[in-house]
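Residue numbers for the sequence shown follow our numbering, so the first one is -10 and each next one is one higher. Glycine is no exception: its CB is placed at the ideal position from the N, C-alpha and C atoms. Keep in mind that this is a model prediction, so the values were computed, not measured.
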Amino acid sequence: MPFHTSFACLWCGTAHATRSADDLEGWAQLCPDCLGRAGDNPFLRFRLRDALAERTAAGRSAPDPAIDLGIDPAIDREMLAYYEARAPEYDDWYLRRGRYSHGVLDDMAWAADLDAATLWLDGLPLGGRIVELAAGTGWWSPLLASHGELTAYDGTAAPLERARERLLAHGLLAHLHVRDAWAEPEPPPADVLFAGFWISHVPSSRLVEFLALARRWVRPGGTFAFIDSRFDPSSSAVDHAPDPDAETAVRRLDDGREFTIRKVYHGAAALEAALIEAGFASATVTATSRFFLLGLALAADQDGPG
-10 MPFHTSFACL WCGTAHATRS ADDLEGWAQL CPDCLGRAGD NPFLRFRLRD ALAERTAAGR
50 SAPDPAIDLG IDPAIDREML AYYEARAPEY DDWYLRRGRY SHGVLDDMAW AADLDAATLW
110 LDGLPLGGRI VELAAGTGWW SPLLASHGEL TAYDGTAAPL ERARERLLAH GLLAHLHVRD
170 AWAEPEPPPA DVLFAGFWIS HVPSSRLVEF LALARRWVRP GGTFAFIDSR FDPSSSAVDH
230 APDPDAETAV RRLDDGREFT IRKVYHGAAA LEAALIEAGF ASATVTATSR FFLLGLALAA
290 DQDGPG
């Protein structure tokens, strides 16, 4: 199939325009979302294999940017599989149950930090159209939905079913969709973008790239807020071994299955600098006493300086 600079995706019909003749999307005639799901769909895998062969045969054999950045797509697929399988036990992490309990003192410190993070988020000027990326089981979704019209995305379906149940239990509604956090924003621009414990799944080599995508999600004058992990030996399960310097980690489920995921403990100063580089007008990242980072970035108002 010849290269197309613009096309309607063969799988979902979404219109897409490529940036260069090396873009696999143009060879596969698949949008970025569908290309990213090629590992889970026989037709998409077939189109991806053909596109790679056709691009090589045409002499467009430039290295894949993912290889240049040291990114292994297999880890991303394994991480999605992990969070899909972990959905029934994910809230044990928030509630310090089972393997996530580290004793009375550490668990009290965790609860205090979780309360502080919740009060911080609830105190932000949230409203209008709110988008939540990597919503998971929806721990933060009821709070967000109580402030505006919430659209919540996650990479797999099982956590979103838990989020739906949580919202209904609070008498709240939201638009819930399976969607890659790396997919380009959908219009209209959001007033607020929120991500809970997603930034720590972004490799350092792509941090500015993702934060620039976050900037594209929000309108001029809009807000990007996030809550994420600080390194602490007691932040994960007792049978995990967190490493502050690694960018991947092995995670175990209650049934003993193990998965390798991305886990990066970005520092507050590095995050602030990356947010400004990504195009936000201002950025502040603070920390709770032990466990969490609290990030707030504002997009410049188009009618004046940021």
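Opening and closing residue of the alpha helix (DSSP H) in which residue i lies
| i | result |
| --- | --- |
| D80 | D80 to L84 |
| S130 | S130 to A134 |
| P148 | A146 to A158 |
| P178 | Here P178 belongs to no alpha helix (DSSP H), and DSSP marks it neither H nor E. |
| A263 | A257 to E266 |
| I64 | P62 to R75 |
Outcome for residue i when other beta-carbon atoms lying within 10 angstroms are tallied against a minimum of 16
| i | result |
| --- | --- |
| P52 | Because P52 sits at a pLDDT of 40, beneath the cut-off of 50, its placement in the model cannot be relied upon, and the following sentence gives the value as read from the coordinates. When all chains shown are included, P52 counts as exposed. |
| Y142 | buried |
| P54 | Residue placement at P54 cannot be trusted, given a pLDDT of 41 that sits under 50; what the coordinates show is reported in the next sentence. Exposed: under 16 other Cβ atoms inside 10 Å. |
| V207 | buried |
| C1 | exposed |
| S(-5) | exposed |
| D243 | exposed |
| H159 | exposed |
| L283 | buried |
| F32 | exposed |
| P177 | exposed |
| A203 | buried |
| L260 | buried |
| D102 | buried |
| L69 | buried |
C-beta contact flag for residue i and residue j at 8 Å
| i | j | result |
| --- | --- | --- |
| A170 | L122 | yes |
| P231 | F213 | no |
| P131 | L161 | yes |
| H91 | V197 | no |
| K252 | T273 | no |
| G127 | A152 | yes |
| A267 | A201 | yes |
| S193 | D95 | no |
| A76 | A124 | no |
| S218 | F281 | yes |
| G117 | V167 | no |
| W99 | R88 | no |
| P209 | A289 | yes |
| R36 | A17 | yes |
| C3 | C20 | A quick correction: the sequence has Thr, not Cys, at residue 3. It is a contact, given that the beta carbons lie within the stated cut-off. |
| I188 | H255 | yes |
Inter-residue CB distance, residue i and residue j (contact presumed, cutoff 8 Å)
| i | j | result |
| --- | --- | --- |
| I250 | E67 | 7 Å |
| L24 | L41 | About 11 Å; that fails the 8 Å criterion. |
| R241 | H229 | 7 Å |
Within-8 Å CB hit, residue i to chain B
| i | result |
| --- | --- |
| D95 | The displayed structure is made up of one protein chain only, and chain B is not part of it. |
Of the listed residues the options, nearest to residue i (C-alpha basis)
| i | options | result |
| --- | --- | --- |
| P(-9) | D96, D39 and L282 | D39 |
| L115 | L84, F32, A179 and R75 | A179 |
| Y72 | H136, H91, T145 and A98 | T145 |
| A105 | A276, A286 and L287 | A276 |
| A262 | K252, L285 and S225 | L285 |
| E138 | A184, H255 and I119 | I119 |
| A301 | A10, A259 and L260 | This structure leaves residue 301 out entirely; the chain is present only between -10 and 295. |
| W129 | A147, G117, E150 and L156 | L156 |
| G15 | G211, L(-1) and L113 | L(-1) |
| H190 | A(-3), I64 and N30 | I64 |
| L133 | A147, L110 and F199 | L110 |
| R205 | V239, L287, T3 and R34 | L287 |
| F298 | E150, I265 and N30 | The displayed coordinates of the chain run from -10 to 295. Any statement about residue 298 would go beyond what the structure contains. |
| Y83 | A70, M97 and H(-7) | M97 |
| D22 | E175, D234 and R279 | E175 |
Limits of the beta strand (DSSP E) - the one that residue i falls within
| i | result |
| --- | --- |
| I119 | R118 to L122 |
| G112 | Looking at the DSSP string, G112 is not in any beta strand (DSSP E), and its letter there is neither H nor E. |
| P209 | V207 to S218 |
| L19 | Where L19 is concerned, there is no enclosing beta strand (DSSP E), given that its DSSP letter is neither H nor E. |
| D143 | E138 to D143 |
| A298 | No answer is possible for residue 298: the residues shown for the chain start at -10 and end at 295. |
| S194 | Note, S194: premise wrong, no beta strand (DSSP E); not H, not E. |
| V274 | S271 to A276 |
| R240 | T237 to R241 |
| P285 | The sequence shown places Leu at residue 285, rather than the Pro named in the question. From DSSP, the beta strand (DSSP E) with L285 extends over F281 to L287. |
| I250 | E247 to R251 |
Distance cut-off 7 Å: residue i Cβ against heavy atoms of the ligand ZN
| i | result |
| --- | --- |
| A42 | Within the structure as shown, the ligand ZN is missing, as the structure has no ligands at all. |
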